[in-house]
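Here the structure is laid out as structure tokens; the discussion comes afterwards.
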Amino acid sequence: IVVIGPASSGKTCTAATDALLDYYCYPSCTSIIICSTTRERLEDRIWGELKKYHRAAKERYRWLPGNLIEGRLRLVTDERSESVDGRDMRNGIIGVPCKQGTDYIGISGFAGIKNKRVRLIGDEISFLPKAFVDAISNLDKNEDFKAVGLGNPKDTMDALGILAEPSVELGGWESGIDQSPKTKTWSIRRRDGICVQLVGSDSPNLDGKLGIPIITQDQIDRDVEFYGKDSMQFTMMNEGRMPRGQGSHRVLTRQMCVKFGAMEEPIWRDTRIKKIAFLDAGYGGDRCVFGELNFGLLAQQSLVEVATSPIISQEPI
């Protein structure tokens, strides 16, 4: 599930309470990983919300599971015992900061976690590395796995944009998803996945009388006056939709690659294949540092097609 929307639309609070309820129901076989950028942002956002509601729940129902270990950002099922050494940390909720200083460390240390029920929740994932998306493939090997990504839409190529991308059948981001000012959903590329788009102007709290901190009409109007309706700030933080034109200077789009079979394994026509090696010498956290590119004629491709293509050299291969 991917939830994109404006600021103050209840994304973080809802994810925290849903995670707690999911854990309370099955405390002996559930592992929930909750991520954000830094430890401080975890405390400010979803981990702070989770602690607040867990404490409130325990005050009313002392029998509820979950023992908070503040220093380790953990809520564990196993009770502390003076007679038994050690504590089983596998069942419970784990807060994971994906950034230390200026370096992204991701969640690689938890990628191999095994349990009957595993959940992964990423808060503000538009600011997380794409390694968050890679972790889904690993954790999905558990018997019962669900992932949730939350954030303000910023770029179709960041972690949030990749997860929220409309399915191939819908035409991806290039299809022009309905941007009417109403809350909506669409199928994403991941099988059985869905994106929920919350729209600020569809807020149930526009008059500010709902009694909870959800975006109001007055807040929207202030941003319109300052930034303008066509600004990225208004689009992201008030409307909760992907800014227009943010990919207009991109030479190759994902949809173009899908259309022309770039994701498929090539069947070469012959052995006349050229190899190119490439290196990202300014390595600063990218997943791919060195790579190799092969190009040549496909088995079903004619020489006429190659000669008339504007992007392939007409020199003999």
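This note's numbering numbers the first residue of the sequence shown as 8 and each following residue consecutively.
Glycine included, C-beta positions come from ideal geometry on N, C-alpha and C.
Under the three-state DSSP convention, the category residue i falls into
i: Y111; result: strand
i: T21; result: helix
i: C105; result: coil
i: R48; result: helix
i: G158; result: strand
i: Q204; result: strand
i: F267; result: coil
i: S16; result: coil
i: W70; result: coil
i: C36; result: coil
i: V231; result: helix
i: V91; result: Unreliable positioning characterises V91 in this predicted model, as indicated by a pLDDT of 49, which lies under 50. A coordinate reading is not provided.
i: V83; result: strand
i: V9; result: strand
i: I280; result: coil
i: L28; result: helix
i: E56; result: helix
i: T242; result: helix
Residue nearest to residue i in terms of C-alpha spacing, selected from the options
i: A288; options: I280, A166 and G298; result: G298
i: T192; options: D199, Q186, V203 and D185; result: V203
i: D209; options: V175, R196, G218 and R248; result: R248
i: W70; options: I76, H61, E77 and S182; result: H61
i: A142; options: N245, A284, I120 and C20; result: I120
i: D277; options: K266, M270 and N301; result: N301
i: T163; options: K148, G207, F134 and G78; result: F134
i: G268; options: F152, Y31, V175 and D237; result: V175
i: C42; options: L217, N122, K137 and K123; result: K137
i: F285; options: V296, L217 and K123; result: V296
i: L118; options: T45, I274, L146 and D130; result: Correcting the residue type first, residue 118 is Ala in the shown sequence and not Leu. Closest by alpha carbon: L146.
i: K123; options: R48, M243, K106 and T37; result: T37
i: I169; options: I184, K153 and I132; result: I132
i: I221; options: C32, G207, V9 and Y31; result: G207
i: V125; options: K282, Y33 and W180; result: Y33
Residue i, buried or exposed, once every other Cβ within 10 Å from all chains shown has been counted against 16
i: D165; result: buried
i: M239; result: exposed
i: Y68; result: exposed
i: D230; result: buried
i: Q226; result: buried
i: S35; result: exposed
i: M263; result: exposed
i: L27; result: buried
i: E246; result: buried
i: T19; result: buried
i: E56; result: buried
i: E172; result: buried
i: S144; result: exposed
i: T315; result: Any answer about T315 is weak, because its pLDDT of 42 lies below 50 and its placement is not dependable; what the coordinates show is given next. Result: exposed.
i: D95; result: exposed
i: R198; result: exposed
i: V91; result: Note that V91 scores a pLDDT of 49, beneath 50, so its modelled location is shaky; the value from the coordinates is reported in the next line. The residue is exposed, with fewer than 16 neighbouring Cβ atoms inside 10 Å.
i: R279; result: exposed
Integer-rounded CB distance, given that residue j should sit under 8 Å from residue i
i: N159; j: A14; result: 7 Å
i: I128; j: V155; result: 5 Å
i: L177; j: V10; result: Going by Cβ atoms, the distance from L177 to V10 rounds to 18 Å, so no, they are not a contact pair.
i: Y30; j: G73; result: 7 Å
i: I53; j: D130; result: 4 Å
i: T223; j: L205; result: The Cβ separation is near 14 Å, so there is no contact.
Cβ of residue i within 8 Å of any chain B Cβ
i: K121; result: Among the chains of the structure shown, chain B does not appear; only one protein chain is present.
Quiz item: Any chance the stretch 101–108 sits against the stretch 76–88, with 3 or more Cβ pairs inside 8 Å?
Solution: yes
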